[in-house]
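Residue numbers (full-length UniProt numbering): 1 to 220.
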């Protein structure tokens, strides 16, 4: 049995869904343009540099969800998918997902971005299993808080092992474990799987992959 995992942002997508969601909200006039643009760019720079304060970022990213009902959010997300996400779903990424599914592998997306943003994207890729950072819902509305371990850096391993336990499985149940990612932030999980694959890697990850002899793919 083979387990194949994909990071989402800048790996399966030719862009970042979390950053794009904030840009979408700005473009729709739903949040303050100057405040959110500046913060969005600062947090993304910290992420790219491997020094993101995840809790601070989650407070920023989840706060806008509290302003809308679930019905309103789902309507907004449909617009977001059409205008921002679908153009970032590259043929190469779709083909790689389809190839592993056709081989009978268990395929999942594992991402630091929250489940509200990412669940419809996973569905669009035809991926049934998603491990994402969880946003708290209470009485049918988002609270602006996260819960559980953020699915970020070494937290991806924690969340993955929790998911495996829920499925009644362990690492050793798989003959092969694959993980595709673009980011230095994913080095903990890349180093744990039997088949690490880097996709359009950042400079730090590229240097590590070159040194380790990991395959590098250029999808976008």
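We put the beta carbon where it would ideally sit given N, CA and C, even for glycine. Keep in mind the model is a prediction, meaning the values are calculated, not measured.
For this session: Entirely within the stretch 68–112 and at least 4 residues each: give me those alpha helix (DSSP H) ranges in chain order.
Result: 70–80 and 91–102
Exercise. Which word fits residue 203, buried or exposed, when buried means at least 16 other C-beta atoms lie within 10 angstroms of its C-beta?
Worked result: Looking up residue 203 in the chain shown gives position 203. Exposed is the label assigned to residue 203, since fewer than 16 other Cβ atoms lie within 10 Å of its Cβ.
For this session: With a cut-off of 8 Å on the beta carbons, I'd call residue 5 and residue 174 a contact; round off their distance for me.
Result: On the chain shown, residue 5 is found 5 positions in, with the first residue counted as 1. On the chain shown, residue 174 is found 174 positions in, with the first residue counted as 1. The Cβ separation is near 11 Å, so there is no contact.
Exercise. Nearest to residue 138 by CA position, among 66, 50, 165 and 46, is which residue?
Worked result: Translated into positions along the chain shown, residue 138 becomes position 138. Checked all of 66, 50, 165 and 46; the closest Cα to residue 138 is 66.
For this session: Check the C-beta distance from residue 178 over to residue 193 and give it rounded, since I have them as a contact under 8 Å.
Result: Counted from its first residue, the chain shown places residue 178 at position 178. Counted from its first residue, the chain shown places residue 193 at position 193. Residue 178 to residue 193, Cβ: 6 Å. Contact.
For this session: Return yes when the Cβ of residue 185 is within less than 9 Å of the Cβ of residue 152, no when it is not.
Result: Looking up residue 152 in the chain shown gives position 152. Looking up residue 185 in the chain shown gives position 185. Against a cut-off of 9 Å, the Cβ pair of residue 185 and residue 152 comes out as a contact.
Exercise. For the stretch 77–93 against the stretch 156–175, are there 3 or more C-beta pairs whose distance is under 8 Å?
Worked result: no
For this session: Just tell me which of 100, 101, 132 and 109 has its CA closest to the CA of residue 115.
Result: Walking along the chain shown from the start, residue 115 turns up at place 115. When 100, 101, 132 and 109 are compared, the shortest CA-CA separation from residue 115 is found for 132.
For this session: Kindly indicate which residue of 70, 60 and 94 has the alpha-carbon position closest to the one of residue 39.
Result: Along the chain shown, read from residue 1 onward, the residue named residue 39 stands at position 39. For the residues 70, 60 and 94, the minimum Cα distance to residue 39 belongs to 60.
Problem set entry | Same chain only: Cβ atoms within 7 Å of residue 120, ignoring 5 sequence neighbours per side | Sequence index remark: in the chain shown, residue 120 carries index 120 (1-based). So the qualifying residues of the chain are 77 and 81.
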